[in-house]
Structure formats: structure tokens, C-alpha cells
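Participant: This is the structure, below, for whatever I ask next.
4 protein chains.
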Amino acid sequence: MARGAALSPRKKPRQERSRQTVAAILGAAAQVLERCGYAGATTDAIAQRAGVSVGSVYQYFPNKDAILVALVERHMDEGSRLLAGMLAEVRGKPVDLEALIRRFVDAMMALHRNDPKLHRVLFEEAPLPASLRRRLQRYEDEFAESVASLLAELPGLRMESPTLAAHIVVRSIEGLIHSFVLHPPPDIEPETFCQEVVALLVGYLR
Amino acid sequence: MARGAALSPRKKPRQERSRQTVAAILGAAAQVLERCGYAGATTDAIAQRAGVSVGSVYQYFPNKDAILVALVERHMDEGSRLLAGMLAEVRGKPVDLEALIRRFVDAMMALHRNDPKLHRVLFEEAPLPASLRRRLQRYEDEFAESVASLLAELPGLRMESPTLAAHIVVRSIEGLIHSFVLHPPPDIEPETFCQEVVALLVGYLR
Amino acid sequence: MARGAALSPRKKPRQERSRQTVAAILGAAAQVLERCGYAGATTDAIAQRAGVSVGSVYQYFPNKDAILVALVERHMDEGSRLLAGMLAEVRGKPVDLEALIRRFVDAMMALHRNDPKLHRVLFEEAPLPASLRRRLQRYEDEFAESVASLLAELPGLRMESPTLAAHIVVRSIEGLIHSFVLHPPPDIEPETFCQEVVALLVGYLR
Amino acid sequence: MARGAALSPRKKPRQERSRQTVAAILGAAAQVLERCGYAGATTDAIAQRAGVSVGSVYQYFPNKDAILVALVERHMDEGSRLLAGMLAEVRGKPVDLEALIRRFVDAMMALHRNDPKLHRVLFEEAPLPASLRRRLQRYEDEFAESVASLLAELPGLRMESPTLAAHIVVRSIEGLIHSFVLHPPPDIEPETFCQEVVALLVGYLR
DNA sequence: AATGAATGAGGCTTCATTCAT
DNA sequence: CATGAATGAAGCCTCATTCAT
């Protein structure tokens, strides 16, 4: 990891062609990371798979890690859109606990189903720069806070601390689904699994 | 990572001196991995910290991966001893569900508290050879099976599938504690957290 | 540096606009060379500072060397105009030795004062193509010859060889002023320095 | 040029073999620099000419510039030994001005005769780190100071400022010989040239 | 067995130059 | 003609591994 160096994209693509190139690079990086892991994702491999030359990669990203960061950000954006959407949707009309949890589980499942391996490489294997790690942390904390306030408003739940409960909820959903998607246990259908996760948390909160 | 190469220690250390050297190398590798991450753990760094020369490292390990594998095995051994001990202890006398879960949680906590960072590097960041990954998987499955049969014997639990339940239990404990140790949420004591995890699972199973 | 390639400007700028562009590029190259040294003077940097695209640079110069060569030629032209002017002025009316040397020193000082750093980069740091180096050499020899014949005509000088004397004169003036401008010794005024150089050479020739 | 980075040798060679390797690398670097200039002196070229692999180069030098620095230091050492020796020799017994200057000229000639092109590349073409440039400057100033005090003690010299005179002496000798060695003017023998330089300075100082 | 010097493939990055728009 | 995106050879450097001592 380049320390303190520029990690943000180098140049905003002005022409249409450039935007395509950047997209191709990010897509290629995702594929290569998924297939070969962090160590195997060389800049040459990424460029080749993107169908461009290394030079083009460096026209838009100051170094290899910047590609990674861009990818993580793309994932974070997607994730936060999904979760924010879910929260907004839920906040409006009153829902019962089970429906709430189920939505949450579904959203998380959707988030992980796309490319679970890439997710793993990106968030576990890759040595992300500290700043990005902090942002991730902050983001997860905020999300947990939202869930906490949501739980606090639900009637009929006995909790000592909504914050603690929210943490447990957020992290067990995240952890369970992550592990399920990455190492699916034999003979268990996703739907069955999701129902069980919902049962786990409803039992906990009620 | 050299794939498909020999990964088992090159030579069984027969003499005392050799055994010490191997231990020193493994200890050094653990420290370096913890401090510098996977990328920073060069063979030179490990050798230096172990107080031996690179040549000596290759006297006992055929390649860098083998060190990593040995380290993972050491951790697995420790873990399986801990968990097996717990299972044995529990199997003898009848315990109630809560006590059972609590023991499990405590064991897992003990497993992670030692050097959480090393654990993370070893099991998430490092690109373990496929064979080892399979062994880890198999081991976890076996453990889940043990838990399943244990649960099946407990009276008063309504479960559709002990296997599924065991999976949920094993993975949520593992996931929650892992994340708690690595990214401790603000203002939450370990003890409080453990109690909450227990509550989560007891609520689920009962 | 591409050796043996075409080094003369690719296309004579016929139109006003082109001439401006070429001038802008040369000016930019001078600035960039001065600020960033030879290594830092990339074609992109030059184009950017000139306010044109790299493509445009290559419209007028077949390669990077050609820019450098043009710049050196510009400097040589300026220098030879200055020195030729001085020689012409001196040849007409009879001057005494001291005035002659003083003029020479002043001209050389004027030549170096403008942008000493650029001068250094251009003539020392940059790997000029051999052909240009030869031209520079030839030019300096011719100039020394002129000085030699001038000295030969001056009465009252005892010299074994006007050629040798001229060489000594030309090169010591050049060398002293070059070094003075680039690494000014502490607490010495330019004027004082010039007088001293004059004294040196007058003492030598008389 | 690596900024602020380590430029001093990486590892003191302990074994005899290492010392040979370091010597070979420095020698090779000198040759390559001389033949190919700064730009052409790639690490691979140096390693190849030294008969070792790139890796070996980096075992002893942290980066390419460190080789250059070592070379410059070697030259500086040689130079300062030569000049210091000359100064010491001269300080003891009383010498007349001409003999003094002559010694100086001879020493400088000796310094430049070895590998004049390398000298040029090293001190003019190569972008030396600022710290080294300062050391060079300081060294040259000290030497000029020594010469100044030497001159101050000589009887029968009329100088307004020994410091200024010393500067003129040091720099004109250095400049003239440098240029003579690098671009020898046609039909002038070194001995003739040296005598002329001596004449120049004796005429100046007396 | 131990040492540490030597190896060299391979990764990251730059930048002169070309070319499609 | 101008633009700036694309190219890719080539340079620097690292580090797992081997080998002479």
C-alpha cells in the first residue's frame, strides 16, 4: 500500500471513450481480483483483461491500490444505496419486527450474492489504506445507529441497550450471510437459511 | 504462493536443537505476520526475527507457504484441543442449554483473544493453499456436526434441523466474536457482549 | 534520446499562428527545464505549460530531442549575435586590451545572467546529440580563432601563440563566469568579480 | 533522484567475496556512466557489466542513486587526498609562487586525467542529491580558504582580497583543466597548456 | 547444519510517441 | 490542425529461493 500517496483517481474522463476505459478497467480488476486474489491481481493482468495497455490504467489511477480503492468505494456506494433504500422504505409505514429483519436479511443477501469472492478479497484479503478502513468503520457504525433508533421505536421489544442489540443484529446478519455465501454448507437452501437467520434475530429481540 | 508444492515441514526435527529452531521460526513468523501483515512477512524478516539465517529457514521448511501452513495448523490444533475439551467436558454430565452455549462462547473468545490480528492475517489475508482451506472447512463441518448431535440430545428444543441450527450457532458465534475482537464497538465490555451472544442463541434455540 | 533521428523542426511554420505555437513550446520547454531539470522535462509537462496538447508538440517537433536542440540553437544564436556584435564593434576602432577584455567579460556575463540554470541544464545535464555537440565545439573554436586574430593585431603583447592565448582567454572567461553565476561565492559582488577577471586576463596577456 | 531516502550503502560487506562484489559494482558503474552517460546507466547495465545480478546490486545499495553517490564520494576522497597532500607538502618548506601554482595545476590535472568523462557525468550531468551538492560546495569553499591563507603568507603579492584571489585561482584552474581534458583544443600539448595556465595565474597574482 | 551472498523472474510505474476523433 | 486517449518498451526494485563456503 502506498502510504499517504494519492489514491484518488488521477483524471476525470472527459470523452466518452475514457469513461468506457475506466469502466473496463474497474470491471477487469474485479474479475481478476475474484479469480486470482489480491496477490495475483497484477496491473498487467488487469490491463490485459480490460483490453487496454498498462499505460491506460495509469492514466486514470495513480497506482494499483487506487484501483482497489475505487472498487471498494463502488461497493460501498452500492451497499449504502441498498441499505439506505431499505431503511427509508421501512421508516415510512409501520412494519412488524419480522418483516423488518427479513428485509434486512434480503438486502444483505442481495449485496453478497453478486460476487461474494470479490467481496472477500476486497474487504478481507486486500490491505486497504487506513483512511478507507476508517471510512468503512464509520459507515458501519452509522448504519448500526440507524438500526438502533429503528429498533428503539418498535413496540414490545425488551432490550437493555438498543445500540448493543443493533450491533449484534448488524454483525450477525453480515457475518452469517458472508460465511454462507462464501462457504455454503451442504444441503441447505438459501431460502431456508434466510428464514433461519430471521428466526434467530426475531427470537433474540422479542 | 507456490501451488501444489510440498507444504509439510521438510524434515522432522529429531534433535532438541532443531525443534527449538523450528519453534523460533514459527514464533518469529507469527510476530512478523502480526506486525507487518502478510505482504510484509518476507522470509528474510522472519529469519532475522528468529535469529537465524534464511538458509536455516529453508532447512526446515521447503518454502514460505509451508511456514504459513504450519502456523495455521498450530492454531487449528490449539483450537481443536480447546473445542474438543469443551465438548468432552459437556458430554459427560448433563448441562442446560445456557451453560452449554456460554462455554462455547468462552472457548471461542479464548481462541480469539490471544492474538486476534495474527488470526485475521492467517485466516483472511493470507492466500492459503486450497488443500488447507479444504481441511479447515472439513474441520469446521465436523465440529458443527458434533454440536448438532449435542443439540439433538438436549430436551425441550424445537428445531426442524439440528444440522442447520448447529451451523447457525457455530457460525454466528465465530463471526460475532471475530468481529468483536477485531473491531471492538465503542463502549461495550467483553462480558456484556458475551452475555448478549449467549442470549441471542438461547433465544434462538429455545 | 533517439540518436541519428531527424532533429530539425518538422515543419517550417509558415503562418503566424504556427510561429506562435512553436515559440510557446520553446518557451515552455525552457521554463520546465529550468524548474524541473532535464529528467523532469517530460513532453507532457512541456505541452501543458505551453497550453497545447502533446499532439501539437509533435506537430512541430519530430521528437523530444528536437525541442532541446531548437532551444540550444536559440541560445547559440543569441550568443553568437552578442559575441559577433562585440567583435564587430571592437574591430572597427582601435581599443586598448583592457577595454577589449572588459567588453568580452560583459558580453559573457550578459549571456549567462538571463537564465543560468537553464543554461546549465541545456549544456551540462542534457545529453545533446553528438552532431550538436560538434557544432558547438566548432563554433567555439571559430570564436577562439577570431579572438586569436584580434589579439595578434594588438600591439605590445608578447605571446608565443595567439591561438593558445585565445583559448585560454575564451575558456577562462567562460568557465569563471559560468561557475560564478551558478555557484556565486559568498560576499563577492558581480562587478568586483568582473574586474578581477579582467585583471586576470590583462595580467596574462600583457 | 530519491528524495530524502536512504542513499548510504545498505550493508557493510562482511565476507571477502562481498567486498569484491561492491568493488565490481562501483567499477562497473563508473564504466557504464562513462560510456553511456547518466541516462544510459541502468541498474541492469551496471549489474551486467559487474558480472552480478541486479539483486546483488540492491544488496549493497538501496537504490540507483546510492551507487552514484558512492562513486562521487570515492572521487571526492581521492581529490581531497590529492589536494590535501599537495597543501601539506607546500606548507612545510617555503616555495615560490610559480612552484606553488604549478603543483596545484599538476594535481588538478592528475585528478582529471584518470577518467575525465566519468568526472563530467558525475558532477555535471547527474542530478546529485542536494545534501551531496552542499558537501561538495562546502568542500570546495574550504579548499579555497586554504589556498587563500597560503596566498596571504606569500611575500610580494599585491592583492586586495586573498579570498577573492583564491576563488579566481581555484576556479580558473579547475575550469580550464576540466575543459581542456574534456575538449582538448587541436594541436596543443598538455605540457604547453599547463605552462600557460601557470603563466596566467602567476601573471595575475604577481 | 548454518550462514549470508547471489540469483533473477516478475511486479509496479513512467513517458516518448502514435492515432482515432 | 488540434486534442488527449492509448500504447508498450523499458526502467527500478523486491523477495522467494539456491548455493558456495
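Read top to bottom, the protein sequences are chains S, F, P and B.
Following our numbering, the numbering of the first sequence begins with 1 at its first residue and continues without gaps.
Following our numbering, the numbering of the second sequence begins with 1001 at its first residue and continues without gaps.
Following our numbering, the numbering of the third sequence begins with 2001 at its first residue and continues without gaps.
Following our numbering, the numbering of the fourth sequence begins with 3001 at its first residue and continues without gaps.
Here a beta-carbon is modelled for each residue, glycine too, at the ideal position from N, C-alpha and C.
These numbers come from a predicted model, not from an experiment.
(1) Where does H1183(F) fall in DSSP's three states?
(2) DSSP three-state call for R3135(B): helix, strand or coil?
(3) To the nearest angstrom, report how far apart N3063(B) and I3025(B) are at their CA atoms.
(4) Please report the straight-line C-alpha distance between R3(S) and P127(S), rounded to a whole angstrom.
(5) Along the chain, where does the alpha helix (DSSP H) that runs through A104(S) open and close?
(6) Kindly say whether S3146(B), judged by its beta-carbon, lies nearer than 8 Å to any beta-carbon of chain P.
(7) Give the DSSP-derived three-state secondary structure of K93(S) in the structure shown.
(8) Mind checking whether V1105(F) and V1181(F) have CB atoms under 8 Å apart?
(9) Applying a beta-carbon distance threshold of less than 8 Å, which residues of chain P neighbour S3172(B)?
(10) From the DSSP output, in three-state form, read off A2002(P) for me.
(11) Kindly indicate which residue of H3075(B), E3098(B), S3146(B) has the alpha-carbon position closest to the one of H3112(B).
(12) So, helix, strand or coil for V2052(P), using DSSP?
(13) Using a Cβ cut-off of 8 Å (strictly closer), state whether S2179(P) contacts chain B.
(14) Within 8 Å of any Cβ in chain F, is that where the Cβ of I46(S) sits?
(15) Roughly how many whole angstroms lie between the Cα atoms of M1001(F) and Y1060(F)?
(16) Can you find a CB in chain P that lies within less than 8 Å of the CB of I3188(B)?
(17) Return the residue from the list A88(S), L132(S), L205(S), D141(S) that minimises the CA-CA distance to D65(S).
(18) Measure how close the beta-carbons of H2183(P) and P3185(B) come, nearest whole angstrom, since I'm counting them as under 8 Å.
(19) With distances taken from CA atoms, which of D3044(B), V3022(B), V3069(B), A3039(B) is nearest E2125(P)?
(20) Hey, does T3042(B) have any beta-carbon neighbour from chain P nearer than 8 Å?
(21) Is it true that the stretch 3030-3048 of chain B meets the stretch 3113-3122 of chain B, where meeting means three or more beta-carbon pairs spaced less than 8 Å apart?
(22) Taking its Cβ as the centre, do 16 or more other Cβ atoms sit within 10 Å of A1023(F), making it buried, or is it exposed?
(23) Buried or exposed: R171(S), going by 16 or more other Cβ atoms within 10 Å of its Cβ?
(24) Please classify A1107(F): is it buried, with 16 or more other beta-carbons within 10 angstroms of its beta-carbon, or exposed?
(25) Is the CB of A3039(B) under 8 Å away from at least one CB in chain P?
(26) Under the three-state reduction of DSSP, which class applies to R2035(P): helix, strand or coil?
(27) Is the CB of Q1137(F) under 8 Å away from at least one CB in chain S?
(28) If you reduce the DSSP assignment to three classes, tell me which class A144(S) lands in.
(29) Would you kindly work out how many angstroms separate the C-alpha atoms of S18(S) and R2103(P), rounded to a whole number?
(30) Give the interface partners of I3168(B) over in chain P, defined as CB-CB distance under 8 Å, in chain order.
(31) To the nearest angstrom, report how far apart A1029(F) and A1047(F) are at their CA atoms.
(32) Please report whether the beta-carbon of H2183(P) lies at a distance below 8 Å from any beta-carbon of chain B.
(33) Expressed to the nearest angstrom, what Euclidean distance is found between the alpha-carbon atoms of L3157(B) and D3096(B)?
(34) Using a Cβ cut-off of 8 Å (strictly closer), state whether Y204(S) contacts chain F.
(35) What does T21(S) reach in chain F if we use C-beta pairs closer than 7 Å?
(36) Can you name, in chain order, every residue of its own chain whose Cβ lies under 7 Å from the Cβ of Q2020(P), other than the five neighbours on each side?
Facilitator: Inspection of the coordinates gives the following:
(1) Walking along the second sequence from the start, residue 1183(F) turns up at place 183. In this structure, H1183(F) counts as coil in the three-state DSSP scheme.
(2) Within the fourth sequence, numbered from 1, the residue matching residue 3135(B) stands at position 135. Looking at R3135(B) - three-state DSSP - the assignment turns out to be helix.
(3) Counting from one through the fourth sequence, the residue named residue 3063(B) turns up at place 63. Counting from one through the fourth sequence, the residue named residue 3025(B) turns up at place 25. C-alpha separation (whole angstroms): 13 Å.
(4) Taking the first sequence and counting its residues from 1, the one referred to as residue 3(S) is at position 3. Taking the first sequence and counting its residues from 1, the one referred to as residue 127(S) is at position 127. The pLDDT assigned to R3(S) is 42, lower than 50, so where the model puts this residue is not dependable; a value taken from the coordinates is nonetheless given after this. The alpha-carbon atoms of R3(S) and P127(S) are separated by roughly 11 Å.
(5) To locate residue 104(S), count along the first sequence from 1; it is residue 104. Here the sequence assigns Phe to residue 104(S), which means Ala is not the residue at that position. From DSSP, the alpha helix (DSSP H) with F104(S) extends over 97-113.
(6) For the purposes of this step, residue 3146(B) is taken as residue 146 along the fourth sequence, with counting starting at 1. By this cut-off, S3146(B) is not an interface position.
(7) Indexing the first sequence from 1 puts residue 93(S) at position 93. Residue state, collapsed to three classes: coil.
(8) As a position in the second sequence, residue 1105(F) is number 105, starting the count at 1. As a position in the second sequence, residue 1181(F) is number 181, starting the count at 1. Contact flag unset, no.
(9) For the purposes of this step, residue 3172(B) is taken as residue 172 along the fourth sequence, with counting starting at 1. Simply S2172, G2175, L2176, L2200.
(10) For the purposes of this step, residue 2002(P) is taken as residue 2 along the third sequence, with counting starting at 1. Confidence at A2002(P) is low in this model, with a pLDDT of 41, below 50, so the placement of that residue should be treated as unreliable; the coordinate-derived value is given next. Reduced to three states, the DSSP call for A2002(P) is coil.
(11) Here residue 3112(B) is taken as the residue at index 112 of the fourth sequence, counted from 1. Selected option, being the one with the closest Cα: H3075(B).
(12) Taking the first residue of the third sequence as 1, we reach residue 2052(P) at position 52. Looking at V2052(P) - three-state DSSP - the assignment turns out to be coil, as it is neither helix nor strand.
(13) Residue mapping note: residue 2179(P) aligns to position 179 of the third sequence, counting from 1. Chain B contact via Cβ: present.
(14) Counting from one through the first sequence, the residue named residue 46(S) turns up at place 46. Taking Cβ atoms only, chain F never reaches closer than 8 Å to I46(S), which makes this a no.
(15) Here residue 1001(F) corresponds to residue number 1 of the second sequence, with the count starting at 1. Here residue 1060(F) corresponds to residue number 60 of the second sequence, with the count starting at 1. Confidence at M1001(F) is low in this model, with a pLDDT of 40, below 50, so the placement of that residue is unreliable and no value is reported for it.
(16) Translated into positions along the fourth sequence, residue 3188(B) becomes position 188. With 8 Å as the cut-off, I3188(B) counts as an interface residue toward chain P.
(17) Within the first sequence, the letter at position 65 stands for residue 65(S). For the residues A88(S), L132(S), L205(S), D141(S), the minimum Cα distance to D65(S) belongs to L132(S).
(18) Residue 2183(P) sits at position 183 when you count from the first residue of the third sequence. Residue 3185(B) sits at position 185 when you count from the first residue of the fourth sequence. About 25 Å; that fails the 8 Å criterion.
(19) Locating residue 2125(P) in the third sequence gives position 125, where the first residue counts as 1. Ranking the options by Cα distance to E2125(P), first place goes to A3039(B).
(20) Residue mapping note: residue 3042(B) aligns to position 42 of the fourth sequence, counting from 1. Cβ-Cβ to chain P under 8 Å: no for T3042(B).
(21) yes
(22) For the purposes of this step, residue 1023(F) is identified with residue 23 of the second sequence, where counting begins at 1. Exposed is the call here.
(23) Position 171 of the first sequence, counted from the start, is the residue given in the question as residue 171(S). The residue in question, R171(S), is buried, as its Cβ has 16 or more Cβ neighbours within 10 Å.
(24) Position 107 of the second sequence holds residue 1107(F). Result: buried.
(25) The sequence position of residue 3039(B) within the fourth sequence is 39, counting from 1. At least one chain P Cβ lies under 8 Å of A3039(B).
(26) Counting from 1 along the third sequence, the entry for residue 2035(P) is found at position 35. R2035(P): helix per DSSP, three-state reduction.
(27) For the purposes of this step, residue 1137(F) is taken as residue 137 along the second sequence, with counting starting at 1. Chain S, which has a Cβ nearer than 8 Å to the Cβ of Q1137(F), makes this yes.
(28) Stepping through the first sequence from its first residue, residue 144(S) is reached at position 144. Helix, per DSSP.
(29) Here residue 18(S) refers to the residue found at position 18 of the first sequence. Here residue 2103(P) refers to the residue found at position 103 of the third sequence. So the alpha carbons of these two residues sit roughly 59 Å apart.
(30) Sequence index remark: in the fourth sequence, residue 3168(B) carries index 168 (1-based). Simply L2176, E2196, V2197, L2200.
(31) What you label residue 1029(F) is simply residue 29 of the second sequence in a count that begins at 1. What you label residue 1047(F) is simply residue 47 of the second sequence in a count that begins at 1. Taking the straight line joining both Cα atoms gives about 8 Å.
(32) The residue labelled residue 2183(P) in the question sits at position 183 within the third sequence. Output row for H2183(P): interface = yes.
(33) As a working mapping, residue 3157(B) is identified with position 157 in the fourth sequence. As a working mapping, residue 3096(B) is identified with position 96 in the fourth sequence. About 11 Å.
(34) Position 204 of the first sequence, counted from the first residue, corresponds to residue 204(S). Y204(S) counts as touching chain F.
(35) Along the first sequence, one-based indexing puts residue 21(S) at 21. Within 7 Å Cβ-Cβ: nothing; T21(S) doesn't reach chain F, min ~28 Å.
(36) What you label residue 2020(P) is simply residue 20 of the third sequence in a count that begins at 1. Excluding sequence neighbours, Q2020(P) sits near nothing in its chain.
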